[in-house]
Structures are given as structure tokens and as C-alpha cells.
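Input: a single structure, listed below in C-alpha cells.
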Amino acid sequence: MTVTHRIAHTIAACLTSLALIGPGELSAEAQAAPLPPHPRLLFDARDLPALRERVHGSASAPLWDKTLAELKRSMAEPVTLPPRGGNWSHFYVCPKHGVRLETGKELAPWHWEHRCPVDGEILASDPAKPPTDLDGVVIGHRHYAHARSIRNAGIAYQLTGEPAYARFARTLLLAYKDAYRRYPFHEYVPGSRFGGGHAQSTILDEAVWLIPVAQGADLVWDTLSAQERRDLAEQVFLPAVRECLLPYPLGVHNIQCWKNSAIGLVGYLLGDQSLIGVALDDPQQGFRQQLRQGVQDDGVWFEGAWGYQFYMLNALAPLTEAARHAGTNLYDEPLHRLFTAPLRFAMPNLRLPAFNDSEEVSAQNPLYELAYARYKDPLFAAGIPSDRMSEPALWYGLPQVPSAVAPASGSRNASTSGYAILQKGQGSDATWLCLKYGPHGGGHGHPDKNGFVLYSRGRVVCPDAGIQPYGSPMHGEWNRTTVAHNTLAVDEQDQARATGTCLAFGSTGGVDYAMTDAGAIAPGVRFVRTAFLLDHDLVVFADQMESQQPHTWDIVCHAFGQWAMTATAPPWQGPGRHGYQHLKDTVVRPAAQGVTLPLRLAPDWTASLIVAPGGLAQVITGTGMTNRVMDRVPAALLRQTGPKATVVWALDLAGGTSTTLSQTVTPSALTVEVRAGQRHWQLTVDPQHARVAVKAETTRSK
Numbered sequence: 006m007t008v009t010h011r012i013a014h015t016i017a018a019c020l021t022s023l024a025l026i027g028p029g030e031l032s033a034e035a036q037a038a039p040l041p042p043h044p045r046l047l048f049d050a051r052d053l054p055a056l057r058e059r060v061h062g063s064a065s066a067p068l069w070d071k072t073l074a075e076l077k078r079s080m081a082e083p084v085t086l087p088p089r090g091g092n093w094s095h096f097y098v099c100p101k102h103g104v105r106l107e108t109g110k111e112l113a114p115w116h117w118e119h120r121c122p123v124d125g126e127i128l129a130s131d132p133a134k135p136p137t138d139l140d141g142v143v144i145g146h147r148h149y150a151h152a153r154s155i156r157n158a159g160i161a162y163q164l165t166g167e168p169a170y171a172r173f174a175r176t177l178l179l180a181y182k183d184a185y186r187r188y189p190f191h192e193y194v195p196g197s198r199f200g201g202g203h204a205q206s207t208i209l210d211e212a213v214w215l216i217p218v219a220q221g222a223d224l225v226w227d228t229l230s231a232q233e234r235r236d237l238a239e240q241v242f243l244p245a246v247r248e249c250l251l252p253y254p255l256g257v258h259n260i261q262c263w264k265n266s267a268i269g270l271v272g273y274l275l276g277d278q279s280l281i282g283v284a285l286d287d288p289q290q291g292f293r294q295q296l297r298q299g300v301q302d303d304g305v306w307f308e309g310a311w312g313y314q315f316y317m318l319n320a321l322a323p324l325t326e327a328a329r330h331a332g333t334n335l336y337d338e339p340l341h342r343l344f345t346a347p348l349r350f351a352m353p354n355l356r357l358p359a360f361n362d363s364e365e366v367s368a369q370n371p372l373y374e375l376a377y378a379r380y381k382d383p384l385f386a387a388g389i390p391s392d393r394m395s396e397p398a399l400w401y402g403l404p405q406v407p408s409a410v411a412p413a414s415g416s417r418n419a420s421t422s423g424y425a426i427l428q429k430g431q432g433s434d435a436t437w438l439c440l441k442y443g444p445h446g447g448g449h450g451h452p453d454k455n456g457f458v459l460y461s462r463g464r465v466v467c468p469d470a471g472i473q474p475y476g477s478p479m480h481g482e483w484n485r486t487t488v489a490h491n492t493l494a495v496d497e498q499d500q501a502r503a504t505g506t507c508l509a510f511g512s513t514g515g516v517d518y519a520m521t522d523a524g525a526i527a528p529g530v531r532f533v534r535t536a537f538l539l540d541h542d543l544v545v546f547a548d549q550m551e552s553q554q555p556h557t558w559d560i561v562c563h564a565f566g567q568w569a570m571t572a573t574a575p576p577w578q579g580p581g582r583h584g585y586q587h588l589k590d591t592v593v594r595p596a597a598q599g600v601t602l603p604l605r606l607a608p609d610w611t612a613s614l615i616v617a618p619g620g621l622a623q624v625i626t627g628t629g630m631t632n633r634v635m636d637r638v639p640a641a642l643l644r645q646t647g648p649k650a651t652v653v654w655a656l657d658l659a660g661g662t663s664t665t666l667s668q669t670v671t672p673s674a675l676t677v678e679v680r681a682g683q684r685h686w687q688l689t690v691d692p693q694h695a696r697v698a699v700k701a702e703t704t705r706s707k
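Each residue of the sequence shown is one higher than the last, beginning at 6 in my numbering.
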């Protein structure tokens, strides 16, 4: 054991106050653990009859046929483990274009081509530094594949009783028994709080690898000799826990959820109640603490990224199932809320916006197979993908689920998580606007208070920047900048981390509205945005900024499609920082008298961005990016300067050329007049008293 490992071992022991087992022996407490017989992690004996029925007669049965065929192909090949541990997958990007690389042919043992899909360039792998160790990423995938093979061979053995499957799992397990500790402990970033591992280069990846290895070992545990079990405990499972997972506490964090599952599964596998206790009840970071502190009262995971909502649910599931088999129920209210939230906050097409470090994801997720099986909540039937072709469907799916209950519709506000949703219309064609004003989201938050995503007619109209691979320079240069979001940038800089508040939310005169304060996004600055959904096709924003000092205020709007302006305008050059350097083809127009900018959202759909006279000095248009760096999409900066600014603007999704806006600012309130054909609205906005008033009328033709 290296000096680093000895230090890590000591830290782990101090952190957990455990009398962990020494070489060749289990702790007395662990030996006496009152646990059911193996298998008891992924499945127990009670689960197997229903599982056998599903693999032969359910919608997911073809998935098992495919899995079994892949397993048999693997069994026909010699077992060869990689010569070293893997590397962080987020490094597998083209440094020039920021896109994920493609793996080409194997040039030599454990060396591959790594191709940029944009220009076809072949990148060389250099193991000297983690960011250039591209072969190491592919090696990491091979370790994951072996872990899945161990688990799948164990499942096949339990389903069929055929010894060949157990022998294959045993061969892989014993290969790791010989190799695991010989793989040097390595970190994707030396000294990072996210640690490293033997098979992988981060504590997250080591935990994700370890979970299926433990599940597979459990499924064939009774076929192993006592010496083989001890060897696996001492050479794989306990070193992974002691040297890689325990020394790096993360508190309440999605990665800690994966660690807890891995630690807990090792505890349940080996019968070590001390490890089970750490996984479930550590006061700083155990399973129960994750749910107490990480799940907000509206069910949103505190990091505020929908991809991570499901990612951590995937992390929790192995431990909740293993605990259930051991007689411990972890399916209490906080976990139920975690499943409820995505369906409550989804867009009308049951997809979730790309807020914070997330891409756009579906609210229909295979994990709802498990959720419905355990809770029988009819809402969760809406979250089950219609094809039911997934591992959770195979493992947990009930033969019959009720007709899906329609998820939430209409306008709704979640003050804890900070999402104000305005919605009009029915079904997937409804218009849906979500203002984002809540907590930053920890390490996965973006500087985008009072930003929004707009959806209508079955698609996203105004997107969020979302996420790139973390190893891509574009993630920091673009996706985590304010100008990449539909919000306010002050002095061409990023917002500070902040938590906003909702000042007013409601509906009057047939108009739904939300008034939100962005919080401390810049020193001495207040930014209040009031959004109105007047009807299915018309969204109005009243943006009010104030400070004691003069500033440059940029209201930013991104949309899918293309600009449809015909008149030319002079070019504009922005600063080379804070995301502005990635705005392209920018031109500037005067806007003091108001401006209407046509947007071609689709070949048969043109919308308009309309700015009221009197509030704006310039409008700068060009293109920005989404989370696909090669896609250029329309971007607009609505610019004003001074200590105060009021910008009233609208998105007319019907593209109406007759829609007009006007604004009147008084010391007591802002009044906005909106006319669209025969309809007229008067909107009053008073942030000082958190008051919104609406008057609406329709003029009949004579």
C-alpha cells in the first residue's frame, strides 16, 4: 500500500469510526448481521418468479434476449481485463470544437483511434496527463462493460440455474481480485475533492462501477468458496470502500448518493452492519441525510438540474432495493416527492428544460417502473415510457399499469425551488413559460436568475444553454455564462450566485403573470422581471433594473430558428469574454422608437420579437449556441445604459405585425399598453408593493 493509500485508509477510519475488518477476518458485528440469504441486493428469492415471467412474456422480454445474446458473445471470448484503470469520460472531447469524440478502430492492444465528428481529425492519446489520456476513457468503458457482464451473468444464473453463467461471473470477479489493487490509485484531477479510484479515476465513477460488480457477486455468492469470498472482500470490495469512497466525504451531493449506494451494497453483500450504517445514517451525508437536506419541499433536488434529478434517483435505487430486501423501508415521503416533481414541472410534451448543468430530458423515465411498482401512485404511470423496453421494466415492471393520469397543467409556482410556470392551452400544443428565480443549485448552478424557457406548439421556442461535457472548454466559456441564458447581463459580465424571490403570482382578467426579483446578481443592482402570458400566442415581459451607479444592461433572448430581417445593419463587436466572444454575426440597430424583429421559428411559423419605444437604446442581433456548439441560433441583446432602465418587450408567437407595445413609467408604477388587433390590455407593474393589475378589453368591429 502506498503512502497515499495509508493516509486515505486512516482518514476513512477516522471519518466513519468503524472497526473495519482486517486481512482474513470479518468483524464480529458483521458476522452477526441478521440479513436474509443471498441474493439480497438487486433481487431476492421472492422477486425471481415474477422476473422469470417478465423475461419470457413481457414487453421488455426482447431486451433480455438481446442482453443474453451479448452475454453469450462475451462468454465466448477470453477474459482479459484492461492493463490499468480508466479515465474521466468528460475528457473525451475535441479541444477545437468541444464535441464528444468517436472511437475508431483499435490500432494496437488498448490503443484506439479517437475521431472528431466535425472535421474527422484523428487525435492522439497521451497518457501523461488525464485531459489527453483518450485511451484511458475507452479503457474506463471496458471496466464498466465487465461490471455489467458480472451483473448480467448473475441474473442469467438466477433465472436459469445454468452453472456456466455463474462460472463466467466468477472468472471475472476473480480476475478483478488479482488486478484491482495492482491498478494504481489515480485521480482525474490530482488533489481534487472528487478523488479517484483503481478501476476508474473519480470516486463517482468508482462507485458507479462497483455497484453492478457487487450486485453480480451477490447473485453468484453461494457458488463461491469461502476463500474466494474472503479474497473478493479483501482485494476488491473493502479496498474500494476504504481507499476510494470513504476518504472523500461530499456532504449532500448527487455523487455522495452513488457513494452511499456502493458502500451500502458492499455492507449488505458482506453482512457488515457498520458499512450499512454509514451508507444509511451518517449524519453528514448518509442516505437519509441526502433526502432530508437535498430534497426541497416541492420535490426538486437542490442542484436544480433535471438531468441530475434522475441521475441521483438512479443512484438511490440500488440501495433502496437492497435495504427493502433486508427489511428496511426507505421508500418514504422525500423519495416519493423526488419522483413527483419531474411530472409536475414538465413542459406540455413531458420533457424538462435544460436548466443548470442539464440537457433537456424526458420526464418519462424508466425509473417510473420502479416508482409505480413500489408506490402504486397512478401519477407515476404517466412517467413510464410507452415501449417499456428498459432494465427497470424488466426488473421491476408490473404486468398492468393504469391509464396515465395527466400531469399538472395550468399556471403554477414553486417558491422553494424557484420556478414560476405560466401555461395556457391544452395538450402538447399548449404554451408554457418557466421563469427560474430560485437557489443557485450548488456546483451545478448557472448564473441565470430570472431566466426563462419558452415552449409552444410542441417545441421549445426559447431554450436554455444547458450543458456541455465538463471537459469541453465551451462549458465554461459559454454554457455557464449569463449571456448564454434568457436573462439580464450587467456590464457584459456574469451574474453573481444569487437566490431570487417571487413577488407576485396569479391570474386576472384572463392573463396569467409572475413577478420575480433576481436577488443579489450584482453589487447594488436590483432586477425585477414581470412576465405576462396574455394568451396562447403572446408573452410580454416588463424588465426593471435599478442601481445607484450607471450600468450597461443587456436583456438577452435566444430562440430556435433564424432571423428573418431583410434590412441590413452595421456590424457590432462585443467583448472577448464572459460568453460574448461566442456571439457571431452581430449587428446593431437603434431602438429608442421601438423595434419589431421577425423570427422564422420553422418554415411555416414566423414569430416576432417586439420592443416598446422609450426603454431601449440599441438592439444587437446575431447568433449564439445551445448545448450543441455547432448549431447557431438567433440571439438578441436588448441594450440600455444608465443607473435605471425599464425594458418592455414581447414575443408574439403568431407573428402579428399589428401588435404594439407602449410603456409609461411613473414614480409609483409602470404601465404597459398592449394592442393586438381588436384586443387591448393595460398592465400595471408595481414591484415596490409587489402588485400587478390587468385590464383587458376587446373592441368589436362596427
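Even for Gly, the Cβ is constructed at its ideal location relative to N, Cα and C.
Predicted model only: the values in this text are computed from it and were never measured.
Where residue i falls, given that 16 or more other Cβ within 10 Å makes a residue buried
i	result
Ala-37	Its pLDDT being 40, under 50, Ala-37 is placed unreliably in this model, and the coordinates cannot settle the point.
Leu-112	exposed
Asn-157	buried
Met-317	buried
Arg-644	buried
Pro-217	buried
Ser-477	buried
Gly-27	Below a pLDDT of 50, predicted positions are generally treated as unreliable, and Gly-27, at 35, falls in that range; the measurement from the model is reported next regardless. Classification of Gly-27: exposed, given that the 10 Å Cβ count is below 16.
Ala-35	Residue confidence for Ala-35 is low, a pLDDT of 38 falling below 50, so the modelled location carries little weight; the figure read from the coordinates is stated next. Ala-35 is buried by the Cβ-count criterion.
Glu-702	exposed
Asp-210	buried
Val-677	buried
His-330	buried
Ala-33	The pLDDT assigned to Ala-33 is 36, lower than 50, so where the model puts this residue is not dependable; a value taken from the coordinates is nonetheless given after this. Result: exposed.
Glu-326	buried
Residue i - containing alpha helix (DSSP H), residue span
i	result
Glu-58	53-62
Lys-441	Note, Lys-441: premise wrong, no alpha helix (DSSP H); beta strand (DSSP E) at 436-441.
His-449	Where His-449 is concerned, there is no enclosing alpha helix (DSSP H), given that its DSSP letter is neither H nor E.
Asn-265	259-275
Closest by C-alpha distance to residue i, when choosing among the options
i	options	result
Leu-128	Ser-363, Tyr-149 and Arg-105	Arg-105
Val-670	Pro-618, Ala-74 and Glu-192	Pro-618
Phe-537	Thr-689, Gln-473, Leu-229 and Ala-564	Thr-689
Gln-498	Thr-557, Phe-565 and Leu-658	Thr-557
Trp-184	Leu-274, Leu-229 and Leu-86	The sequence given here has Ala at residue 184, not Trp. When each option's Cα is compared against that of Ala-184, the closest is Leu-86.
Gly-334	Arg-379, Ala-169 and Val-679	As written in the sequence, residue 334 is Asn, which differs from the Gly given in the question. Answer by Cα proximity: Arg-379.
Arg-393	Gly-661, Pro-404 and Pro-383	Pro-404
Asp-49	Gly-159, Glu-338, Thr-664 and Ala-66	Gly-159
Phe-457	Val-545, Pro-383 and Gly-529	Val-545
Trp-93	Gln-623, Val-366 and His-191	His-191
Arg-247	Ile-426, Leu-179, Gly-272 and Glu-58	Gly-272
Val-466	Tyr-181, Thr-436 and Lys-101	Thr-436
Met-80	Ala-470, Gly-629 and Tyr-170	Tyr-170
Thr-165	Leu-459, Met-635 and Leu-53	Leu-53
Val-142	Tyr-97, Gln-586 and His-563	Tyr-97
Ser-552	His-541, Val-495 and Arg-57	Val-495
Leu-40	Ser-154, Cys-562 and Ala-328	Ala-328
C-beta contact flag for residue i and residue j at 8 Å
i	j	result
Gly-90	Ser-279	no
His-119	Thr-108	yes
Leu-355	Pro-412	yes
Endpoints, the beta strand (DSSP E) within which residue i is located
i	result
Arg-680	675-681
His-563	543-563
Lys-700	696-703
Ser-512	506-513
Asp-522	516-522
Lys-71	From DSSP, Lys-71 is part of no beta strand (DSSP E) but of the alpha helix (DSSP H) over 66-80.
Ala-378	Here Ala-378 belongs to no beta strand (DSSP E); instead the alpha helix (DSSP H) covers 372-380.
Thr-646	637-657
Pro-603	600-607
beta-carbon residue i near the ligand FMN non-hydrogen atom, thresh 7 Å
i	result
Trp-226	Of the ligands one can find in the structure shown there are none, so the ligand FMN has no counterpart to examine.
Checklist entry - Is the stretch 352-364 close to the stretch 439-456, with three or more CB pairs under 8 Å? => result yes
Checklist entry - For the 8 Å Cβ check, are there 3 or more pairs between the stretch 393-402 and the stretch 485-500? => result no
Next on the checklist: Can you confirm whether the stretch 297-311 touches the stretch 413-429 when touching is taken to mean that 3 or more C-beta pairs between the two stretches lie within less than 8 Å?
Outcome noted: yes
Checklist entry - When the Cβ atoms of the stretch 516-531 are set against those of the stretch 622-641, are three or more pairs found closer than 8 Å? => result no
Next on the checklist: Between the stretch 248-268 and the stretch 279-297, can you find at least three pairs of beta-carbon atoms closer than 8 Å?
Outcome noted: yes
Next on the checklist: Could you check whether the stretch 438-445 touches the stretch 496-514, counting it as contact only if at least three pairs of C-beta atoms, one from each stretch, sit closer than 8 Å?
Outcome noted: yes
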